[in-house]
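First up is the structure itself, then whatever we jot down about it.
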Amino acid sequence: MQARYNPAEIESRWQAIWAEQGEFRAREEDARPKYYLLEMFPYPSGRIHMGHVRNYSIGDVVSRFKRLNGFNVLHPMGWDAFGMPAENAAIQHGTHPALWTRENIANMRTQLQKMGFSYDWQRELATCEPDYYRWEQLIFLRMFEKGLAYKKSAAVNWCTSCETVLANEQVEEGCCWRCDNPVELKELDQWFFRITAYAEELLDWTARLPGWPEPVLTMQRNWIGKSLGCEIDFPLEGSEESIRVFTTRPDTLFGATFMSLAPEHPLARQLASADRRAEVEAFIRKVQSVDRIERTSDELEKEGVFTGSYCRNPATDELIPIFLANFVLMDYGTGAVMAVPTHDQRDFEFARKYGLSLKVVIQPEGELLDPATMQAAWEGAGTMVNSAGFDGLDNDTGKQRIAAWLEERGQGRQTVNYRLRDWLVSRQRYWGTPIPVVYCAACGARPVPESQLPVRLPTDVEFSGEGGSPLAKLESFIHTTCPQCGGPARRETDTFDTFVESSWYFLRYACPQFATAPVDAAAVSHWLPVDQYIGGVEHAVMHLLYARFWTKVMRDLGMIEIDEPFANLLTQGMVCMETRSCPEHGWLYPEQIAEGRCALCAADVVTGRNEKMSKSKKNVIDPDGLIERFGADTARLFTLFAAPPEKDLEWNEQGVEGCFRFLNRIWRLVHDHYGLVTAAGAVDGAALDTAARDLRRVVHQTIRKVTGDIDGRFHFNTAIAAVMELVNAISTYAGKTPDAAVLREALETVVRLLNPFVPHITAELWQELGHADSLEAAGWPSWDESALQADSMLIVVQVNGKVRGKLTVPAAADRQAIEQAAMEDDNVRRFIAGQTVRKVIVVPQRLVNIVVA
RNA sequence: GCCCGGGUGGCGGAACUGGUAGACGCAAGGGACUUAAAAUCCCUCGGCCGCAAGGCUGUGCGGGUUCGAUUCCCGCCCCGGGCACCA
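In the numbering used here, the protein residues as written are 743 to 1595.
Next comes the structure, spelled out in C-alpha cells:
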C-alpha cells in the first residue's frame, strides 16, 4: 500500500473501472425496488461551476446511498442544450451554435466524469437533438388538436436586448430573467399553452405534495393566485350595454359609488363624452407611455380621469360616474372595478383626490365609521349597513347572499379568478425547437402532419448579429407547401421557449432511445415519479410549474399515467463567495490577488459582501483547479460538509484544506494499521476490554447516526462530522494496544460510511483492507443494538434548573439510586444546604433537577 | 404592504420530541518533533471573576409559560427570498 494519498492516480483508476463495469446502469428488469434520483440538468455553457458541483455532489450521495441500501437506482444526466448563449457565441466567435453546444457538452461530460458521479451515461440525452425535440413537436400537435396550444394576438413582454418575447414567469421586477434588461409591452401574434386550464388542478395538488418544501409550494400557490368572487354587470346609462366588473367583495356592492376602468379597456374611448374626449385621450396616451416597471411600481401616484359617462349600481339603482384609473389592470379580472372607497384603500385615496362620494356599508365592531372623518378604508370584517334587505348580516354571510341575489336577478354570478396567465412559448430565436406549423394564405395556420416530423432545425443559417432570428431570413426553410391544400405556404419561424424542453426530459430518461412515441408508457410507469428531485430554488415557479403542467397534459393525452412528476423536492442553496475589487481594475478573480493587493497595480484590495458566485463579479472558483490540487473527493466532501444542502454555502479556501487533511488522515490510519488489521478475524464481543467495547459503541452509534442523517434528512454535514468523531476515537484507540478485529471493524465502518461522499478513496481503501468484492457488493452497514449498550451513563444534576454536577452511574441504576447519588454530590449539597427540597424531577438517562426554596 | 425563511463564539455550523448551548471543522495562540521548513502530534480557545475548586453571564431585543426555553406563546428589531395597485 502506498504511504501517500494520491487522489489523481486513485480517482482516474476507479472512474475507469466504474465505466468499464457499467456499475451505475439502471435496468427495468431488475427486481429490486426502484429509486429515481434526479438533479436538474445543466445548460451546456462550457464549464461546470461550483453550483453544479454542489448540486450533483448532493445527488450523488443520495444515489449511492440508495444503491447501497438495495435500490435499483435510476440516476441519469443530460443537457438542456437549446438557448441563447449558443447564438451569442455564434455571433461573437463565428462558431455554429450546434458545434459550440456539442463541444461544450463533451467538455462538461468529461468534467462530471472527473467528479466521479454515478450516472447512467447510457441514458444521456441532449434536448437539441432531433431524436428529442421531434417528440416535443408531436406533443405540441396533440395539444393543438385539443385546444391546449393556440395562437393569439396579445400584449406580450418583449425584451429588447434578447429580441424575443418572454412568458410572464420570466419577467422579474419588470426585467428579463436572463439578461436583466427592461421588458416592454408589445402587441404580437404568439403561441400560448393553456396552462390556465390546469390552474385549479395545479393548485389542488400543492396540498398533496408532502415531499416538497413549504416555501416552494407557497410560491406556486401565490403565482397561481386564486381568488373567489363575483362578476357583476353595471348597466350603462343611455345604452343597452353594461360593464362587467370582478370583485371579491360583493358584500360591499351597496357602497360602490363610482367605477374605475383600465385605460386599455375596450370601452374606454367610447365612453368619453364629447366635452371630455381630449382629456380622456391624453390620459390614455400618458398611461401607455409609462413603461411596465414604472407602471407597477409603488411610487406611481394614483391618477384617473372622468369619462363623462355614468352607469347604474345594480343594487341601489343610483347613477355612478365612470373613471379611467392608472392602477386598474386590463389583464386581471375584467379590467373594470366597482369602486368602494369606504372599504378599499386604493378607492379611498382615489375618491378623496377627486372629491367623490363615500358610503359606509360595513360597520366594524366597537367603532362607528363616518365617511366625513374616515382617515382610511375599513377593509376588515363587520356588520352590513345601508344595504337594504341585507342590513344586520355579518359581511361574510352578506357575500353569499348578495352573490345569490344577483344571480337570481341575472345581474351577476359567482366566479373564480386566477393571477396565472397562459404560458407564452414562442421565441424569436434560432437555437430552439421549431414550432411545427405552416401558414397558408388559403387555409390559415395548419399543423405539420405527424408523418412529416421532425421539422428539423436547419443548420445553414447566417449569424449577422443584427436583430431578428436568422431562421426568419432563411428562404429554404420558410418556403414549403400547405399540408391541407398543397399550395405554397410559409413555415412558422418561431421556436419554443427552452422551458418546454425541460418540462419533460425527466420522462424521456425512462426510455431515452424509444423510437415510436415520446415515451414508452411501461418504462415511465416503472420509473416515475421521480423519487427525489434536487435543484436550485430559483426554479421554484418557472420550471417546476411548467413541468407539473406538462406532466398533466401528457397524462390527459393518454401518454402517461402519473399526476405529478416529482414526489420529493430538495431545493439547495447557492454557492457564495466574497467579492473583491481593486479601485483601479474593478472586480478581481481570486488569482489576481497576492497578499491582499491587486496583482496588476499593487493597490489594496477591497473586500465586498458574500454573493452568489458569478463570472460578472469574478468571485468564482473553478472546480477543475480544485480537482487538480486536492482531487474530486475533497471537492465533494467540502461542498457537503460546509453547510446543510438547503442553505447557502460560503466558500472558504481553508475549509477545503481541512477536508483534504481529513482524507489524508484516514489514508494514514489505514496505512499504519492495515498489516495488523487484514490478518484479523471476526469481533468476539464477549472477550473485549473496556476500551474495545467503548470504541465499538462509538462505531455502531456512528452507523446509526449517519444512516439517519442521510436518509430523508439530508444532513450531510452532521453525518460527516459524526464520522470525523469516529476517526478521532479510532486514532486514540489505535495508539493503545488495539484489538485487531475491533480496529478492523472500526476502520471498515469509516470506509463504508464515507463511500457515498468520497467514493474513490473509499473504494481504494476497501481494496487495501483486503476485499476482493466491491464496497457496493458489501452494501450499507447496519448497527448492532447489543454493541450500543453501555455499562454506565452520564446524568446531569441541576439545582433549580442550573447544572451543578455530573454523575456517572451504572446503566442499570434505578430512579431512586440516581436521585440519591445526585443528593450526595458535593457541589449539589452546597446548593441545597439549608433549603427545603420541594420537588425532584428525574428524566431517565438524562438528568435530575432538584427544586429547592 | 402581504407571504415564506432566518438571526447561536473570530468564522462555517451543531444541539432530532422543551432536558449539559457551542458537536465537527476552520482560524488563532502555546508546545513537541526537525539544522530549518513543510507535514504530523499534544494543549488552550464565548465573555467576565478566580491560583484553583468553582461562580456569574451568554443563542437579535422585551415580556410570558415551565422545575427547566436556542427550542413553545405574545409583542418588537434586523437580514435573506417570493409576491405586489390582483379589485
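Beta carbons are placed, not taken as given, at the ideal position from N, Cα and C, and that holds for glycine. These figures come from a predicted structure and were not determined experimentally.
Per-residue burial, residue i [other beta carbons within 10 Å of its own, 16 or more giving buried]
| i | result |
| --- | --- |
| SER1534 | exposed |
| ARG1151 | exposed |
| LYS1028 | exposed |
| ARG1468 | Looking at the sequence itself, residue 1468 is Leu, so the reference to Arg does not match. It is buried - the Cβ of LEU1468 has at least 16 other Cβ atoms within 10 Å. |
| ASN1470 | exposed |
| SER799 | buried |
| GLU1234 | buried |
| LYS1101 | buried |
| VAL1585 | exposed |
| CYS901 | buried |
| GLN1087 | exposed |
| GLY1140 | buried |
| ASP1138 | exposed |
Secondary structure of residue i, DSSP reduced to three states
| i | result |
| --- | --- |
| SER1323 | strand |
| TYR1074 | coil |
| VAL795 | helix |
| PHE824 | coil |
| PHE1219 | helix |
| CYS1401 | helix |
| TYR722 | In the structure displayed, the chain extends from 743 to 1595; residue 722 sits before or after that span and is not available. |
| TYR940 | helix |
| LYS1095 | helix |
| LYS1101 | coil |
| LEU908 | strand |
| ILE1408 | helix |
| TYR1181 | strand |
| VAL1295 | helix |
| MET1565 | helix |
| ARG1188 | strand |
| ARG1546 | strand |
| SER895 | strand |
| LYS1359 | helix |
Own chain, CB closer than 7 Å to residue i, minus 5 neighbours either side, in chain order
| i | result |
| --- | --- |
| ALA1595 | GLN1577, THR1578 and ARG1580 |
| LEU1330 | ARG1322, SER1323, CYS1324, CYS1340, VAL1347 and LYS1360 |
| PHE1308 | PRO1271, VAL1272 and TYR1275 |
| GLY953 | ALA1309, ASN1310 and LEU1311 |
| ALA745 | HIS1413 |
For residue j and residue i, the rounded distance between their alpha carbons
| i | j | result |
| --- | --- | --- |
| HIS1413 | GLY1423 | 18 Å |
| SER1193 | LEU880 | 10 Å |
| PRO1191 | TRP1165 | 24 Å |
| LEU780 | ARG1438 | 36 Å |
| LEU1003 | ALA868 | 48 Å |
| TRP1073 | ASN1394 | According to the sequence displayed, residue 1073 carries Asp and not Trp. Between ASP1073 and ASN1394, the C-alpha separation is close to 48 Å. |
| SER1516 | GLY858 | 16 Å |
| ASN1459 | HIS1442 | 19 Å |
| VAL1022 | GLY1046 | 9 Å |
| PRO1005 | ILE1064 | 12 Å |
| GLY1077 | VAL987 | 7 Å |
| ARG1232 | LEU945 | 39 Å |
| ALA823 | ALA1257 | 20 Å |
| ALA939 | VAL1492 | 53 Å |
| ARG1171 | LEU908 | 12 Å |
| HIS791 | MET961 | 27 Å |
| THR1240 | PHE935 | 14 Å |
Contacts around residue i, its chain only, beta-carbon distance under 8 Å, and the 5 residues preceding and following it disregarded
| i | result |
| --- | --- |
| SER1356 | VAL1362 |
| ALA1463 | PHE1383 |
| GLN1540 | ARG1546, LEU1589, VAL1590, ASN1591 and ILE1592 |
| GLU1149 | ARG1155 and GLN1156 |
| ALA1385 | GLY1315, LEU1391, GLU1392 and ASN1459 |
Heavy atom of the ligand ADP within 7 Å of residue i beta-carbon
| i | result |
| --- | --- |
| GLY1229 | The model on display carries no ligand, and the ligand ADP is accordingly not part of it. |
Neighbourhood of residue i by C-beta distance below 6 Å, restricted to the same chain and skipping five residues each side
| i | result |
| --- | --- |
| TRP1522 | LEU810 and ASN811 |
| LYS1354 | MET1316 and CYS1318 |
| ALA1067 | SER1002 and GLY1046 |
Any alpha helix (DSSP H) of 4 or more consecutive residues that is wholly inside the region 967–1035: Listed in chain order, the complete alpha helix (DSSP H) runs (minimum 4 residues) inside the region 967–1035 are 1019–1031.
For a minimum of 4 consecutive residues, which ranges assigned as the alpha helix (DSSP H) are wholly contained in the region 828–892? Whole alpha helix (DSSP H) segments, 4+ residues: 839–856 and 872–887.
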